[in-house]
């Protein structure tokens, strides 16, 4: 069931705008950028934009990273999984709504990136909702049915998410100025820590 957190793969791609440096996800090419050590203080407008993006992403990345399935029984596992999918769906909806207020005035291509990101969140939410809908039809007391349903749902959701393009994959979003801005963004620092903690199995910070 830990494969459910495949959602984080796309979330990590989205957080390349949050100073992640490495881009992944979808059919986009993976690239690595190195923040400039000689650049001056980043543009405040770009830092604010990075805060807006990462603040939105946090709405679903944090609960996704914190998820630990209840494996005490097939019924408990199914219940915890469906609860988590509902949480992810709500977080994705909230993230999309939050981005409506993102200040893009000082960022070239900022509005286009926000529009693409909102569309990606919508696609992710649909994939999550589809997975939950399929699990809702399964008898939680039938262990074989539960196992098969979870495997199929997570596989299909993973396929759907992995086919999505990285909405932040544009020169204006991945350039050194945005990298520097993301390094100063408190919201982006939180996201990077959440993703790092998930990969190491550490407890996700709540502050």
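Numbering (my numbering), first residue to last: 420 to 626.
Glycine residues also receive a C-beta, built at the ideal position from the N, C-alpha and C atoms.
Can you tell me whether residue i is buried or exposed? The criterion is at least 16 other CB atoms within 10 Å of its CB, across all chains shown.
i	result
residue 467	buried
residue 604	buried
residue 570	exposed
residue 524	exposed
residue 537	buried
residue 460	exposed
residue 539	buried
residue 573	buried
residue 519	exposed
residue 503	buried
residue 437	Only weak support is given to the placement of residue 437: the predicted model assigns it a pLDDT of 44, under 50, and the value that follows is read from those uncertain coordinates. Result: buried.
residue 522	exposed
residue 469	buried
residue 532	buried
residue 534	exposed
residue 495	exposed
residue 508	buried
residue 471	buried
residue 552	exposed
residue 615	exposed
Report the three-state DSSP secondary structure of residue i (helix, strand or coil).
i	result
residue 578	helix
residue 593	helix
residue 460	coil
If I'm right that residue i touches residue j with Cβ under 8 Å, what's the distance once you round it to whole angstroms?
i	j	result
residue 611	residue 526	Contact doesn't hold; Cβ gap of about 20 Å is too wide.
residue 493	residue 565	4 Å
residue 547	residue 511	7 Å
Could you tell me which uninterrupted alpha helix (DSSP H) segments, each at least 4 residues in length, are contained entirely in the segment 475-561, listed from first to last along the chain?
-> Complete alpha helix (DSSP H) runs here, min 4: 493-517 and 529-554.
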